[in-house]
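Numbering (this note's numbering), first residue to last: 142 to 428.
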Ligand code: C5P
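Structure representation (C-alpha cells):
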C-alpha cells in the first residue's frame with residue numbers, strides 16, 4: 142500500500158501548430174505535434190482525508206480553477222472515492238508560457254492518483270478523463286511525442302525524437318491561450334497536413350521538422366514584440382530552426398551541439414528564463 146508518490150511533470154513544446162477551423166462549440170480544430178521537454182515540475186501526492194494543495198509558486202491559486210485540484214475531484218467523483226490527497230507542487234515550468242505546465246500537472250495528478258488510490262485505469266481511460274480538464278491535458282498522460290488533432294485532445298503517439306539540442310526560452314510575458322484564439326479571429330477552413338509530416342518523420346526524413354510553422358506567431362508577435370525579438374535572436378545566434386511554442390510566450394531553437402546551445406543560452410537577456418533538452422530526449426511522467 143503506497144502512502145505517498147512523487148512524479149516529474151514535464152513541459153511540452155509544439156513542433157508545429159496549424160489551426161484548421163473554428164467549431165460551433167467555440168473551440169478550434171487544430172493539428173499540432175507535441176513533444177515533451179525540460180523543464181519539469183515535481184508533484185508529490187500523499188494520502189490525506191481531504192483534497193489539499195500547496196505550492197512554492199506565489200501566483201498559483203488554490204481555487205476551483207486549479208487544475209490539480211480539479212483533476213483530483215474528477216477522479217473522486219468518477220470512482221466515488223471517499224479519500225482525499227495532499228498535493229505538493231514544486232514549480233519550475235513558467236506560467237502562461239506555451240509550455241503546458243498546468244496541463245502537465247493535471248495529467249500527473251491523474252496518473253499519480255490512479256496509483257495512490259488503486260484505480261487501475263488504463264492510459265486511454267486517463268486520457269479520456271484528462272480531456273475534461275483541458276485540450277492539452279491528455280497528451281501529458283503518456284508524454285513523448287504525439288500528433289494531436291481535434292481541439293488538441295485526439296492523440297496519435299509516434300516514436301519520434303528530435304536529434305538536436307533544444308533550447309527553450311521564456312521572456313517575462315504571459316500570453317493567454319483564450320486571448321490568442323480570439324485575437325486570431327480565424328474564419329477559414331483548411332485541410333490537415335501533419336499526418337504527412339509525421340510519416341516523413343517516421344521514415345527518418347527529419348528535415349521535415351525544420352519546415353514547421355505556428356499559426357499563432359504573427360498575431361502574438363504583433364502584440365508582444367519581445368517574443369518576436371527572441372525568435373530573431375535565435376536565428377542570429379545560429380539556430381538550425383526556431384519557433385514559438387503554443388500561443389507563446391516561449392520560443393525554442395534547435396542547435397547542432399551542446400557547446401552552441403550553451404553559448405546561446407548564456408547570451409540570452411537576463412530577464413529570459415531558459416531550459417536545455419538533450420538530443421533524442423524521451424521523458425515520461427514517472428515516480
Ligand atoms: O482547453 P483549454 O481550457 O486549455 O483551452 C483554453 C481556451 O483556449 C478555450 O477556452 C478556448 O477559448 C481556446 N481553445 C480553442 N481551441 C482549442 C483549444 C483551446 O479555441 N483547440
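Positions of the beta carbon are idealized from the N, C-alpha and C atoms, including for glycine.
I'd like the span of the beta strand (DSSP E) that includes residue i, first residue to last.
i, result
"residue 320", "Run containing residue 320: none in the beta strand (DSSP E); it sits in the alpha helix (DSSP H), 318 to 325."
"residue 308", "306 to 311"
Which residue marks the beginning of the alpha helix (DSSP H) containing residue i, and which one marks its end?
i, result
"residue 161", "No alpha helix (DSSP H) holds residue 161; the beta strand (DSSP E) holding it covers 145 to 163."
"residue 215", "208 to 220"
"residue 339", "335 to 343"
"residue 242", "242 to 257"
Return the bridge partner residues of residue i from the DSSP annotation.
i, result
"residue 297", "288"
"residue 278", "Its beta-bridge partners do not exist; DSSP assigns none."
"residue 231", "183"
"residue 418", "307"
"residue 195", "229"
According to the Cβ coordinates, are residue i and residue j closer than 8 Å?
i, j, result
"residue 390", "residue 368", "yes"
"residue 344", "residue 245", "no"
"residue 309", "residue 393", "yes"
"residue 188", "residue 153", "no"
"residue 414", "residue 235", "yes"
Tell me which same chain residues have a C-beta within less than 7 Å of the C-beta of residue i, skipping the five on either side of it?
i, result
"residue 322", "169"
"residue 295", "289"
"residue 428", "In this predicted model, residue 428 has a pLDDT of only 35, less than 50, meaning its place in the structure is not dependable; the value taken from the coordinates is given anyway. If we look at residue 428 and ignore the five residues flanking it on each side, its Cβ neighbours are 146, 147, 148."
"residue 277", "241, 244, 293"
"residue 196", "230, 232"
"residue 401", "379"
Heavy atom of the ligand C5P less than 7 Å from the Cβ of residue i, yes or no?
i, result
"residue 245", "no"
"residue 276", "yes"
"residue 104", "Nothing in the structure corresponds to residue 104, since the chain is present only between 142 and 428."
"residue 214", "no"
Whose C-beta lies closer than 8 Å to the C-beta of residue i among residues of the same chain, with five residues either side of it excluded?
i, result
"residue 207", "194, 201"
"residue 421", "302, 303, 304"
"residue 213", "192, 225, 226, 228, 250, 254"
Enumerate in chain order the residues of its own chain whose CB-to-CB distance from residue i is below 6 Å, with the five nearest sequence positions on each side excluded.
i, result
"residue 264", "282, 283"
"residue 387", "155, 239"
"residue 336", "none"
"residue 385", "355, 358, 392"
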